[in-house]
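Here's the structure we're looking at; comments come further down.
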Amino acid sequence: MGRVPPGGPGLTPFPSTGRTDEVFAALADRTRRHLLERLSEDGPLSATDLAGGLPISRQAVVKHLAALGAAGLVHSDRRGREVLFAVEAEPLRDATDWLEQIGRIWDRRLVALVKHLSE
Amino acid sequence: MIQRQIVVPTDPDRLWRALTDPEEAETWFGGRIDWTPLEEGSPLRFTPARGDGPSREGRIDAVQPGRYLRFRWWPENSPATECTDVAYVLEPDPSSESATHLTVEEAPVAVDATACASVSTPARWTLDDEMQFRVWAGSRLAVRV
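Protein chains in written order, with this note's numbering: chain A, 1 to 119; chain B, 120 to 264.
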């Protein structure tokens with residue numbers, strides 16, 4: 001990073017999907033986080049596998065998987081008659097990195113604010 | 120969600136000025152934020168210092184002078200991406216008149232994109248979401264991926 005203004009550099013664009021709103025909307029749901037967790041432990045799994053351990057219908061699981069897919073958080077592969085879902089790790093890492101980057105910008109701003117008020 | 124808490128060596132009114140006066144905020148913010156007037160529903164415009172990073176636009180969601188400011192902002196002409204919600208919370212220090220506790224929060228707006236620029240206040244990414252997200256993104260996915 002070349003030029004760094006007093007308050008720190010601007011936020012670089014959210015990388016892989018460019019759609020933070022979709023990623024965080026998908027992650028802001030407890031059921032969807034649970035599905036991601038199961039897929040990261042035991043995936044790839046079908047919607048039927050996933051619905052097995054949950055108090056919701058297979059149809060509801062399919063809807064949640066579609067939201068996760070739209071955000072780029074899972075991908076699916078057809079194997080014979082089954083569609084199997086697996087976690088896509090990169091958007092998650094990008095989301096964490098992006099949040100941390102926002103935090104670093106505030107750290108710099110707040111240091112500059114305290115310095116300004118102490119002068 | 121990002122949350123930072125610091126103690127600032129001024130009273131709340133002085134801090135409020137430093138946070139909200141465009142000329143003064145420019146000395147520490149890393150760019151210039153204009154909100155005219157500073158009241159709920161007003162648009163805001165952020166011009167980054169030295170052209171670093173995108174210009175942003177946004178809207179003020181709540182103003183309680185000396186106590187609380189909340190706004191959301193997004194890259195100029197692109198409310199569909201990277202819309203976040205920012206809050207400043209100022210609390211007088213219980214033991215000193217010349218100290219103020221400042222909490223800053225910034226959270227992704229976790230709703231569909233069109234909602235960011237619309238009038239209703241969107242759902243925020245909460246601290247609970249953040250903690251749960253970090254727990255499994257850190258301890259589980261990081262190990263397996």
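Where a beta carbon is used, it is the ideal one built from N, C-alpha and C, also for glycine.
Owing to the predicted nature of the structure, the values given are computational and were not obtained by experimental measurement.
query, result
"Cβ-Cβ distance between Q124(B) and H220(B) below 8 Å", "yes"
"Candidates H116(A), E82(A), D97(A), D49(A), of which the one nearest P227(B) by Cα", "D97(A)"
"For Y207(B) and L163(B), believed in contact at Cβ under 8 Å, the rounded distance", "With 8 Å as the limit, L163(B) and Y207(B) do not qualify as a contact, their Cβ atoms being about 13 Å apart."
"Classification of R169(B) by the beta-carbon crowding that lies within 10 angstroms, buried from 16 upward", "exposed"
"Residue range of the unbroken beta strand (DSSP E) whose run includes T219(B)", "219 to 227"
"Per-residue contacts from A137(B) into chain A (C-beta, under 7 Å)", "L113, H116, L117"
"For V74(A) and A67(A), the rounded distance between their alpha carbons", "9 Å"
"Chain B residues whose Cβ lies nearer than 9 Å to that of E103(A)", "Reading off the sequence, residue 103(A) comes out as Gly, not Glu. Residues of chain B passing the Cβ test: I121, Q122, R123, E225."
"Given R133(B) as reference, the closest of G172(B), D153(B), E210(B) once Cα atoms are compared", "E210(B)"
"DSSP bridge partner residues for Q124(B) (one or two, in chain order)", "T222(B)"
"Chain B contact for L99(A) (CB, 8 Å cutoff)", "yes"
"Listed by chain order, chain A residues near P128(B) by CB distance under 9 Å", "V114, L117, S118"
"First through last residue of the alpha helix (DSSP H) which encompasses R186(B)", "Element bounds for R186(B): n/a, residue is neither H nor E."
"Any beta strand (DSSP E) of 3 or more consecutive residues that is wholly inside the stretch 36 to 69 of chain A", "none"
"Cut-off 7 Å between Cβ atoms - residues of its own chain near P184(B), not counting five sequence neighbours on either side", "W135"
"Inter-residue spacing [alpha-carbon to alpha-carbon] between G150(B) and E159(B)", "22 Å"
"Other residues of its chain near S118(A): CB distance less than 8 Å, five sequence neighbours each side excluded", "none"
"Collapsed DSSP secondary structure at L157(B) in the structure displayed", "coil"
"One or two residues paired with S76(A) in a DSSP bridge", "F85(A)"
"For T146(B) and V127(B), the rounded distance between their alpha carbons", "16 Å"
"Close Cβ partners of L50(A) (< 7 Å) along its chain, the five nearest in sequence each way excluded", "L35, R38, V61"
"Contact check, L84(A) vs S46(A), beta carbons under 8 Å", "yes"
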